[in-house]
Amino acid sequence: MGTETRSVNVGDRTIGGGAPVLVQSMTSTATADVEATLAQVERLVEAGCEMVRVAVPDDEALHALERLKSRIAVPLVADIHFDYRLALGALDRGVDKIRINPGNIGARERSTEIFKHAVRRNTAVRVGVNSGSLERHLLEKHGHPCADALVESALTHIDHARAEGVEKLVVSIKSSRVGETIEACRKLAAATDTPQHIGITEAGSVAYGSIKSAVGLGVLLLDGIGDTIRVSLTGDPVAEIGVAYNILKAAEVRIVTPEIISCPTCGRMQTDMARVAAAVEKRLAGVNLPIRVAVMGCVVNGPGEAREADVGIAGGKGFGLLFRKGVPLRRVGEKEMVDALMNEIDRIAGDEIQNG
Ligand code: SF4
């Protein structure tokens, strides 16, 4: 399917227009605590976070923005609710993007002021609609928060922002219900070419929230919907980054780290391939190379998967058959399997570097 969206520059990054789906997150520290926030941002960026959002609930947080901005390497987004003056202040302090929900900013003129000022400052804006904070008249019209109400709210805000001249515009619709989010984002994609920030809001703990996010975001990404993603997990936001990249990888939308294809193993296996898979996964942790590595238990599916991967091994009785780019290379003893796989991966990495 795939949906074409406009391209929006945010700092030195691009959202939409076919750019790689950007991974972002939000700090959980008090924004006014500059050192604690910077320390968390550093860990987020180290994990691969490409844009960081901070909450701006009050003047203390607002006053911290300039110091944060000067010391953060990735684009900085200010998250504002309720008080339009905080949005104006954040724009004056040079953030790269602001996120507002016009539904809770108050009278329409206040959003108008924010949009006008964002245009003056050439700053990107995300209008973010959440099922938990829909406008009252839409709740009355639709009876309860639902996909149609969310889409109506988002489209109204998009029209408003565009009428005030906002070109650098991103939109999001989030619900804590997966089905509702998918329905709303699909309807929105059909109705506008505004790039979408997608996420399942309040997804929960790392274990369940990762699965819930993968279900919702996976469906959207496979539809070609989503220009930037945020996985919302309770706790340290650094965990969100790995999950986001794994979702992008599983959906084959953006692959920046190795994918290991390993079978669940069963009674047919005659060599401990689970140990080999675990050792290879450990050795590949932190490696930025988009390759597929197959570690398979036996001859049932092993040779087929190993042949399709960039590097693969299919287990036999005390040995494995090593493949590289579809070509069977040689038999490898159980003890050498991990090193043999890693050598082939190194060779492919070397080729990639040489070929640019
Ligand atoms: Fe079992 Fe072989 Fe399939 Fe692995 S590849 S699950 S060992 S049949």
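Sequential numbering from 1 applies to the sequence shown in the working numbering.
Here a beta-carbon is modelled for each residue, glycine too, at the ideal position from N, C-alpha and C.
When secondary structure is reduced to three states using DSSP, Q270 falls in the coil class, being assigned neither helix nor strand. By the CB criterion at 8 Å, V129 and S111 fall outside the cutoff.
Between the alpha carbons of V74 and E344 lies a distance of about 34 Å.
The beta carbon of V238 is closer than 7 Å to those of R43, L44, A47 in its chain, skipping five residues each way along the sequence. Proximity of the segment 205 to 217 to the segment 161 to 170 falls short of the contact definition, fewer than three beta-carbon pairs being nearer than 8 Å. A distance below 7 Å between beta-carbons, with the five flanking residues on each side excluded, links G17 to the following residues of its chain, in chain order: T5, R6, S7.
In the DSSP annotation of this structure, the continuous segment of the beta strand (DSSP E) that includes R331 starts and ends at 327 to 333.
If you ignore the 5 residues before and after R13, its C-beta comes within less than 7 Å of the C-beta of L22, E50, M51, P75, all in its own chain and listed in chain order. Residue pairing by DSSP puts M26 in a beta bridge opposite R53. Short of 8 Å from the beta carbon of L68, and not among the five residues preceding or following it, lie these beta carbons of its own chain, in chain order: T31, V34, T37, L38, V41, V54, L76.
Contact between T123 and V95 is confirmed by a C-beta separation of about 7 Å, below the 8 Å threshold. At a threshold of 7 Å, G302 counts as near the ligand SF4, since its beta carbon sits closer than that to one of the ligand's heavy atoms. R108 and V127 have their C-alpha atoms some 14 Å from each other. Distances from the CB of M296 to the heavy atoms of the ligand SF4 include at least one below 7 Å. The beta carbon of S175 is closer than 6 Å to those of S131, T181 in its chain, skipping five residues each way along the sequence.
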